[in-house]
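To start, the structure itself, in structure tokens.
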Amino acid sequence: MKKLINAPEAVVAEALEGMEAAHSSLIKVCRAPDFIMRADAPVAGKVALVSGGGSGHEPMHGGFVGRGMLDAACPGAVFTSPTPDQMFEASKAVNGGAGVLHIVKNYTGDVLNFEMAADLARAEGIAVESVVIDDDVAVEDSTWTAGRRGVGTTVLAEKICGGLAERKAPLTAVAEMCRRVNAQGRSMGMALSACTVPHVGKPSFDLADDEMEIGIGIHGEPGRHRVKLEKADRITEMLMEPVLADLPFKSGDPVLMFVNGMGATPAVELYIIYRKAAEIARKHGLKVVRNLVGSYITSLDMAGTSITLLKMDEEMLTCWDAPVLTPSLRWGA
Amino acid sequence: MADLSTDRMTTWLLEAAADLEQAKAYLTELDAPIGDSDHGVNMARGFAAVRDKLTAAPPADVGTLLKTVAMTLISTVGGASGPLYGTFFLQAAGKAAGKTSLTLAEWTECFEAGLTGLMARGKAQPGEKTMVDALTPALAALKAAAGQPLEQALAAAAAAAEQGMKDTIPMLAHKGRASYLGERSIGHQDPGATSSHLLLRRLAEPAG
Chain A
3 MKKLINAPEA VVAEALEGME AAHSSLIKVC RAPDFIMRAD APVAGKVALV SGGGSGHEPM
63 HGGFVGRGML DAACPGAVFT SPTPDQMFEA SKAVNGGAGV LHIVKNYTGD VLNFEMAADL
123 ARAEGIAVES VVIDDDVAVE DSTWTAGRRG VGTTVLAEKI CGGLAERKAP LTAVAEMCRR
183 VNAQGRSMGM ALSACTVPHV GKPSFDLADD EMEIGIGIHG EPGRHRVKLE KADRITEMLM
243 EPVLADLPFK SGDPVLMFVN GMGATPAVEL YIIYRKAAEI ARKHGLKVVR NLVGSYITSL
303 DMAGTSITLL KMDEEMLTCW DAPVLTPSLR WGA
Chain B
433 MADLSTDRMT TWLLEAAADL EQAKAYLTEL DAPIGDSDHG VNMARGFAAV RDKLTAAPPA
493 DVGTLLKTVA MTLISTVGGA SGPLYGTFFL QAAGKAAGKT SLTLAEWTEC FEAGLTGLMA
553 RGKAQPGEKT MVDALTPALA ALKAAAGQPL EQALAAAAAA AEQGMKDTIP MLAHKGRASY
613 LGERSIGHQD PGATSSHLLL RRLAEPAG
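See below:
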């Protein structure tokens with residue numbers, strides 16, 4: 003294992019120290035329990051957005067803490083959900099009196115730990131709503147599994163709900179928006195190579211030089227299908243087809259297209275994917291009204307990409323365009 | 433020794449912490465093909481915290497002991513195992529409040545409350561390739577051993593958990609991250625059922 007680390011057990015703590023050193027005007031890092039909060043939280047009268055999950059997906063979620071997006075992010079150990087005390091303390095710290103929205107990715111550990119945290123917060127009189135994001139179309143048989151995973155749509159939901167909360171919309175409206183984004187967003191990912199979890203020290207699965215995994219999640223778990231490696235255009239089709247068919251996206255739909263890198267994929271490759279994905283969308287009759295291209299929800303050093311399509315409406319567009327000022331996403335502010 | 437005293441239970445959990453530290457690599461190895469390679473590390477970290485808590489301030493009764501274990505696991509394990517084992521010990525603690533020792537019948541009652549809580553939290557049933565598959569036969573064995581000597585009952589529970597653990601190998605995972613693998617989850621022993629068996633085996637066989 004070759005990594006820019008000092009010790010596997012120090013990865014999360016040292017990264018948090020670095021984030022705080024780099025972005026002290028935007029965020030504050032609290033320790034034991036660990037969470038990252040907006041430097042100016044709590045914001046009186048604003049619904050507070052709290053998310054979290056295992057570390058290793060950076061910049062999600064800590065990089066999205068700041069004005070116009072999250073109020074707090076709770077990082078767990080690498081690929082391990084955070085614990086209830088983290089979300090409980092974070093919720094208390096950022097609650098500005100208008101309640102707290104928990105944005106949870108659909109992984110068993112995340113869901114259970116956020117459930118316990120919400121119970122604890124409600125017992126203290128804090129209004130909490132939870133929305134579980136489950137947008138991964140790679141999970142075909144959701145009746146017999148833990149359900150679809152939460153992937154790319156999470157980033158879009160955090161931005162759009164953050165924009166809405168900034169306008170002092172009530173908790174029920176922000177939660178409703180989050181559910182709407184989840185209902186209208188679909189994603190699919192693939193990997194060229196597995197990632198290496200620091201404390202494991204070796205790749206989480208083996209892929210031959212001429213193989214790829216289609217339908218991967220973001221935790222180094224293998225996907226549903228292992229197939230022969232294809233060229234970028236064909237890979238883009240393999241990701242776009244199930245995404246388009248699932249909602250389904252119809253001719254005339256305005257969409258936000260998000261082409262994401264899994265951690266070890268260079269931007270130049272992401273644009274090759276975006277080029278083809280935009281062409282497919284156009285042929286399908288979609289209007290790509292907004293886009294996001296870059297590595298925002300990653301899986302450590304996995305090479306690969308995911309494509310997310312979100313069917314937009316006017317309110318979502320307004321919230322997407324609203325100013326955002328976070329370590330990893332900023333415009334208009 | 434006819435009953436499970438607070439001392440015996442404390443010793444169990446301290447020894448289990450050592451077991452889990454030793455089994456860290458093994459549990460990680462089981463988790464890698466079907467999960468996300470974190471079960472061994474998470475359990476070792478959680479039980480190391482339990483060991484530190486129990487050593488610093490030994491609880492006076494079994495209820496306090498189990499509650500301390502629960503709260504420590506909930507705040508240190510993470511993943512799905514933290515809330516699940518945490519809920520098991522928390523619900524078990526409720527049935528042991530104020531008791532300085534447990535009879536076999538009382539431990540069985542604690543175990544049942546713990547398993548019921550765990551299954552509700554995880555929305556899990558037997559046969560889904562989870563820790564429930566080790567714990568459910570263990571509870572059945574405890575119940576079947578009612579009236580028998582305590583040590584015999586604990587040994588039967590550990591043996592039943594071991595069989596349950598092995599029975600997860602051919603199962604198709606329906607819960608947790610392994611479920612996304614579909615058919616590919618078959619042929620692997622469930623790490624959660626394995627850690628459950630480790631715990632119950634140590635209760636039956638104190639290192640002394």
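Those sequence lines, one after another, are chains A and B.
Here the first sequence is numbered in this note's numbering, starting from 3 and rising by one per residue.
Here the second sequence is numbered in this note's numbering, starting from 433 and rising by one per residue.
All C-beta atoms, glycine included, are put in the ideal place defined by N, C-alpha and C.
Within the stretch 113 to 134 of chain A, the residues whose Cβ lies closer than 9 angstroms to some Cβ of chain B are Val113, Leu114, Asn115, Glu117, Met118, listed in chain order.
Against chain B, a Cβ distance below 7 angstroms from valine 141 of chain A picks out Tyr612. For the stretch 461 to 476 of chain B, the set of residues with a beta-carbon nearer than 7 angstroms to any beta-carbon of chain A comprises Ala464, Asp468, Ser469, Asp470, Val473, Asn474, in chain order. DSSP places lysine 161 of chain A within a helical segment (H, G or I) once states are collapsed to three. By a beta-carbon distance limit of 8 angstroms, aspartate 484 of chain B does not contact glycine 511 of chain B. Their separation comes to about 20 angstroms.
Listed as beta-bridge partners of isoleucine 216 of chain A by DSSP are A/Met192, A/His227. DSSP places leucine 436 of chain B within a strand segment (E or B) once states are collapsed to three. Around the beta carbon of proline 325 of chain A, a 10 Å sphere encloses fewer than 16 other beta carbons of the protein chains shown; the residue is thus reported as exposed. With the criterion set as a beta carbon lying under 9 angstroms from some beta carbon of chain B, the members of the stretch 192 to 206 of chain A are Val199, His201, Val202, Lys204, Ser206, in sequence order. DSSP places methionine 39 of chain A in no alpha helix (DSSP H) but in the uninterrupted beta strand (DSSP E) bounded by 37 to 40. The beta carbon of histidine 227 of chain A lies closer than 8 angstroms to those of Glu215, Ile216, Gly217 in the same chain, with the five residues before and after it left out.
Taking lysine 230 of chain A as the centre and dropping the five residues before and after it, the same chain places the C-beta of Asp212, Glu213 closer than 7 angstroms to its C-beta, in chain order. Alanine 502 of chain B and valine 509 of chain B have their C-alpha atoms spaced approximately 10 angstroms apart. Counted as a single uninterrupted DSSP element, the stretch harbouring glycine 296 of chain A is not any alpha helix (DSSP H) but the beta strand (DSSP E) occupying residues 289 to 296. If you look at glutamate 637 of chain B, you'll find it isn't in any beta strand (DSSP E); DSSP assigns it neither H nor E.
If you look at threonine 568 of chain B, you'll find it in the alpha helix (DSSP H) that goes 564 to 576.
Less than 8 angstroms separates the beta-carbon of isoleucine 38 of chain A from that of glycine 64 of chain A. Interface with chain B (8 angstroms Cβ-Cβ cutoff): tyrosine 298 of chain A is excluded. Sixteen is the threshold: when 16 or more other Cβ atoms of the shown chains lie within 10 Å of the Cβ of isoleucine 135 of chain A, as they do, the residue is buried. The C-beta of tyrosine 273 of chain A has fewer than 16 other C-beta atoms within 10 Å across all chains shown, which makes the residue exposed. Separation of the CB atoms of leucine 574 of chain B and alanine 552 of chain B is rounded to 20 angstroms, and the pair is thereby denied contact status at 8 angstroms. A Cβ of chain B is located within less than 8 angstroms of the beta carbon of glutamate 223 of chain A.
Nearest to serine 513 of chain B by C-alpha distance, out of B/His620, B/Gly472, B/Met597, B/Leu486, is B/Gly472.
Residues of chain B with a Cβ closer than 7 angstroms to the Cβ of phenylalanine 81 of chain A are, in chain order, Asp468, Asp470.
Going by DSSP, valine 501 of chain B is part of the alpha helix (DSSP H) stretching over 494 to 508. Three or more Cβ pairs closer than 8 angstroms define a contact, and the stretch 460 to 468 of chain B meets that threshold against the stretch 605 to 612 of chain B. In this chain, the alpha helix (DSSP H) harbouring glycine 472 of chain B covers 471 to 488.
Closer than 8 angstroms to the CB of aspartate 87 of chain A there is at least one CB belonging to chain B.
Going by C-alpha positions, threonine 504 of chain B is about 31 angstroms away from proline 581 of chain B.
The criterion of a C-beta distance shorter than 8 angstroms is satisfied by phenylalanine 251 of chain A and leucine 288 of chain A.
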